[in-house]
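Colleague: In this note's numbering, the protein residues as written are 144 to 337.
The beta carbon of each residue, even a glycine, is placed where N, CA and C say it ideally should be.
As the structure is a computational prediction, the values presented were derived from the model and not from experiment.
Please see the structure below; I have some questions.
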Amino acid sequence: MDTTITNLEILPLGESKYLKPFKMKFKQNGLQRDWDCVKVMNSVSIFLYHEQKDAFLFVKQFRPAVWYSQEKEGIKTNEQGFTYELCAGLMDKGLSEEQTAREEVVEEVGYELKEMERITMTYGAFGFGGNMQTMFYAKIDESMKINAGGGIDGEDIELVFIKREDMMKFAFDESKVKGFGLIFAYLWWEKFKG
């Protein structure tokens with residue numbers, strides 16, 4: 144995957160399908176307060192364990208905001224802007240959490256799940272967003288593979304398998320950009336499934 148960025152423009156955010164900025168004004172403990180917020184869609188994520196490969200399956204994709212942050216901070220890597228993530232998606236189609244999770248697994252990694260277990264729901268971006276993400280766990284094997292995955296609408300997702308014996312090292316390898324949800328899911332798996 145190429146990370147070369149050309150014709151870069153940084154523009155003010157206008158109307159967005161995904162982000163709705165707003166300001167809250169309120170009194171708390173007798174003090175007037177202002178708070179900048181962003182309405183963000185809720186989402187689901189799925190921690191996948193491939194039984195035949197004895198490996199966890201993640202998605203690797205380019206994230207422009209991560210690339211921008213790394214550039215601005217002078218952080219140079221051989222995977223500039225790329226992240227390792229749980230299979231995940233927005234709750235933007237009016238489907239249930241479980242239906243959304245199943246659809247995302249088919250679209251992003253190409254597996255049709257038989258069973259899925261709900262892990263928990265968490266809140267994110269406390270300081271400005273407060274959006275919710277529900278996390279699931281599922282086992283997969285090659286009998287469930289129905290397409291190549293890779294995402295839709297130009298997502299350009301790469302499937303990455305991390306062997307179980309390498310997972311702890313991967314989880315704390317800061318050269319591989321990942322969110323706390325991935326690490327949490329793995330530690331949950333170690334505690335309850337490993």
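Helix or strand or just coil, what does DSSP make of A208?
Modeller: The answer is helix: DSSP assigns A208 an H, G or I state.
Colleague: Just how far apart, CA to CA, sit A268 and V181?
Modeller: Cα-Cα distance, rounded: 9 Å.
Colleague: Which residues in the same chain as R176 place their Cβ atom closer than 6 Å to its Cβ, once the five residues preceding and following it in sequence are excluded?
Modeller: The answer, listed in chain order, is F169.
Colleague: In this structure, does DSSP put S186 in helix, strand or coil?
Modeller: In the structure shown, S186 sits in a strand (DSSP, three-state: E or B).
Colleague: Taking the CB atoms as reference points, tell me whether R261 and T277 lie closer together than 8 Å.
Modeller: Yes, the Cβ-Cβ distance between R261 and T277 is below 8 Å.
Colleague: Consult DSSP for G232 and reduce its assignment to one of helix, strand or coil.
Modeller: Note: G232 maps to strand in three-state DSSP.
Colleague: My parser needs the alpha helix (DSSP H) runs of 4 or more residues fully inside the segment 252-312; what are they?
Modeller: As far as the segment 252-312 is concerned, it has no whole alpha helix (DSSP H) run of at least 4 residues.
Colleague: Measuring only the C-alpha atoms, how far is L325 from E301?
Modeller: Distance between the alpha carbons of L325 and E301: 16 Å.
Colleague: With distances taken between CB atoms, is the gap from A241 to M259 smaller than 8 Å?
Modeller: As written in the sequence, residue 241 is Glu, which differs from the Ala given in the question. The answer is yes: Cβ separation under 8 Å.
Colleague: So, S318 versus T226, is the Cβ gap smaller than 8 Å?
Modeller: Cβ distance not < 8 Å, so S318 and T226 don't count as in contact.
Colleague: Using C-beta distances below 8 Å, list every residue in its chain close to G270, excluding the 5 sequence neighbours before and after it, in chain order.
Modeller: Nothing listed; no residue qualifies.
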